[in-house]
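There are 2 protein chains.
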Amino acid sequence: MARQKEYKEEEVIKKAMRLFWRNGYGNTSMQQLEKEMGINKFSIYSSFGNKHGVFLESLKCYKAKVNTMFEKFKNNSNGVEDIKQFFYDSVDLCEEEGNEKGCLLTNTYNEFSESNDALVNEQMTSFMGNLKNLFIEKLRMDPSKDQETINKQANYLVLAKHGLVAATRVNTPKEIEDYIEMTFKNI
Amino acid sequence: MARQKEYKEEEVIKKAMRLFWRNGYGNTSMQQLEKEMGINKFSIYSSFGNKHGVFLESLKCYKAKVNTMFEKFKNNSNGVEDIKQFFYDSVDLCEEEGNEKGCLLTNTYNEFSESNDALVNEQMTSFMGNLKNLFIEKLRMDPSKDQETINKQANYLVLAKHGLVAATRVNTPKEIEDYIEMTFKNI
DNA sequence: TAAATAGCTAAACAATCGTTTAGCTATGAT
DNA sequence: ATCATAGCTAAACGATTGTTTAGCTATTTA
Numbered sequence: 130m131a132r133q134k135e136y137k138e139e140e141v142i143k144k145a146m147r148l149f150w151r152n153g154y155g156n157t158s159m160q161q162l163e164k165e166m167g168i169n170k171f172s173i174y175s176s177f178g179n180k181h182g183v184f185l186e187s188l189k190c191y192k193a194k195v196n197t198m199f200e201k202f203k204n205n206s207n208g209v210e211d212i213k214q215f216f217y218d219s220v221d222l223c224e225e226e227g228n229e230k231g232c233l234l235t236n237t238y239n240e241f242s243e244s245n246d247a248l249v250n251e252q253m254t255s256f257m258g259n260l261k262n263l264f265i266e267k268l269r270m271d272p273s274k275d276q277e278t279i280n281k282q283a284n285y286l287v288l289a290k291h292g293l294v295a296a297t298r299v300n301t302p303k304e305i306e307d308y309i310e311m312t313f314k315n316i
Numbered sequence: 130m131a132r133q134k135e136y137k138e139e140e141v142i143k144k145a146m147r148l149f150w151r152n153g154y155g156n157t158s159m160q161q162l163e164k165e166m167g168i169n170k171f172s173i174y175s176s177f178g179n180k181h182g183v184f185l186e187s188l189k190c191y192k193a194k195v196n197t198m199f200e201k202f203k204n205n206s207n208g209v210e211d212i213k214q215f216f217y218d219s220v221d222l223c224e225e226e227g228n229e230k231g232c233l234l235t236n237t238y239n240e241f242s243e244s245n246d247a248l249v250n251e252q253m254t255s256f257m258g259n260l261k262n263l264f265i266e267k268l269r270m271d272p273s274k275d276q277e278t279i280n281k282q283a284n285y286l287v288l289a290k291h292g293l294v295a296a297t298r299v300n301t302p303k304e305i306e307d308y309i310e311m312t313f314k315n316i
């Protein structure tokens, strides 16, 4: 043993995540990462391998936040009301710390959708796409809904969620609340 | 006078637009532009000044498409039904030529939202934000709606439109149709 | 206290970025 | 036919990209 690190990886990766969240992957440089993470390039490379590695670790960090929300969502048992709460929680997560950059996962999906980045794709598909199934589960708790209605409403809610994420960037809290209430008015 | 150009600027800029649409600005290189536009770097610079100029001209080209749709929307006079048709037209525009990259203006807004690019910001604000007013105008055609209802519904429709644009990237035509019908069920 | 070693600093790396330029080609005008 | 000129080709520009490395610093261990 010799010197010990002057930083904690869990802390600097949070800072990296916020930078990627604001700028996206392609528009974030190693110079910016150095400044934002508060450590030298050498330290970044020794801890995370390369820029790509920093990004993947940032995604994991973000997904941990999302996972907490998902767990809460799954563990509740109030049907549609849970979905509505999930919408409100999503807004809180997208807006934390004054951030107004929507959802990092959605942004990443958009930025990498044309590329064939295996690692990023893997990280993405593990989260995108199962949202609809979660909604379907919750909607099934209402015995008065038939299967066709459930499918249509689930699909509707997935796309409504997209609108919501986009909304967190430019709309006021009141407008967002109005949107959510309106969305669930006839569900 | 001497030689005449071997390309038409209106044609090569369309090709540039499609590339920017697919990749975004930052992730598009001059090399890619050369290949996609089918002309040399020199020709690109002599026609459009620089990469930034190519992008601004591409935005104008895209906005021309959108403008056509907006004009149709404004000139009709069937209230809410016009808005619904506008949603369907939006999907057609976002998906033309097998493209699945959402709306170029929305994407550009997202990519440049953290930067302070005066020219791009100008091009953006001239289109974003007035959508709500257009919706309000149409909703006013229904005398049974009071002002508060109109405001809420207009806000809801703006965000629903965001969901729709995101939807064109990953959802089937049937799912998108379901979403639109559901959105207008209680408007 | 001294040797060993892991972390840090800062300079340099090759590759690619957007951009410019020198020289060649082709065409309109005299 | 020839001169002038605008367009094209392709090489090179400096700056910045992500990445590596040599040399110094500080701390643990014996």
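Taken in order, these protein sequences are the chains called V and U. Everything in the first sequence is counted per our numbering, starting at 130 for the first residue and increasing by one. Everything in the second sequence is counted per our numbering, starting at 130 for the first residue and increasing by one. We treat Cβ as the ideally placed atom computed from N, Cα and C, and that holds for glycine.
Sequence-distant residues of its chain with Cβ nearer than 6 Å to residue i (five each side left out)
i        : result
V:MET146 : SER187, CYS190, TYR191
U:GLY178 : none
V:TYR136 : ILE168
V:ILE316 : VAL209, GLN282
V:ASP271 : GLY208
V:ARG132 : none
Residue-chain proximity (residue i, chain V), Cβ-Cβ < 8 Å
i        : result
U:LYS267 : no
U:LEU148 : no
U:GLY292 : yes
U:ASN156 : yes
U:LYS164 : no
U:MET311 : yes
U:LYS314 : yes
U:ALA296 : yes
Short CB-CB distance (under 8 Å) between residue i and chain U
i        : result
V:GLU304 : yes
V:ASP307 : yes
V:GLY153 : yes
V:SER289 : Reading the sequence as shown, one finds Ala at residue 289 of chain V and not Ser. By this cut-off, V:ALA289 is an interface position.
V:ARG132 : no
V:ALA283 : no
Close Cβ partners of residue i (< 8 Å) along its chain, the five nearest in sequence each way excluded
i        : result
U:LYS290 : PHE216, SER219, LEU260
V:MET198 : PHE215, ASP218, SER219, LEU222
V:ILE305 : VAL220, LEU293, ALA296, THR297
8 Å contact criterion, which residue i and residue j should meet: CB distance rounded
i        : j        : result
U:LYS267 : U:ASP221 : With 8 Å as the limit, U:LYS267 and U:ASP221 do not qualify as a contact, their Cβ atoms being about 19 Å apart.
U:GLU224 : U:THR297 : 5 Å
U:TYR285 : V:ASP307 : 7 Å
U:ARG264 : U:ALA283 : It is Phe, not Arg, that sits at residue 264 of chain U in the sequence shown. Contact flag correct, Cβ pair sits at about 4 Å.
V:TYR154 : V:GLU240 : 6 Å
U:GLY292 : V:GLY292 : 3 Å
U:THR235 : U:VAL294 : 5 Å
V:THR237 : V:MET253 : 7 Å
V:PHE313 : V:LYS213 : 5 Å
Same chain only: Cβ atoms within 7 Å of residue i, ignoring 5 sequence neighbours per side
i        : result
U:LEU162 : ALA145, LEU148, ILE173, VAL183
U:GLU138 : SER176
V:GLU229 : THR297, ARG298
V:MET166 : VAL141, LYS144, ALA145, ILE173
V:LEU185 : LEU248, GLN252
U:LYS170 : MET159, GLU163
(request) Could you tell me which uninterrupted alpha helix (DSSP H) segments, each at least 4 residues in length, are contained entirely in the segment 182-244 of chain U, listed from first to last along the chain? (result) 209-224, 233-241
(request) Scan the segment 235-265 of chain V for residues whose Cβ lies nearer than 9 Å to a Cβ of chain U and list them as they occur along the chain. (result) Within the segment 235-265 of chain V, the residues whose Cβ lies closer than 9 Å to some Cβ of chain U are THR235, ASN236, TYR238, ASN239, GLU240, SER242, GLU243, SER244, MET257, GLY258, listed in chain order.
(request) With a floor of 4 residues, list each alpha helix (DSSP H) that falls wholly inside the segment 133-176 of chain V, ordered by position along the chain. (result) If we require 4 residues or more, the alpha helix (DSSP H) runs fully inside the segment 133-176 of chain V come out as 138-152, 159-166.
(message) Can you pull out the residues from the segment 191-221 of chain U whose beta carbon lies closer than 7 Å to at least one beta carbon of chain V?
(response) Cβ proximity to chain V below 7 Å picks out nothing from the segment 191-221 of chain U.
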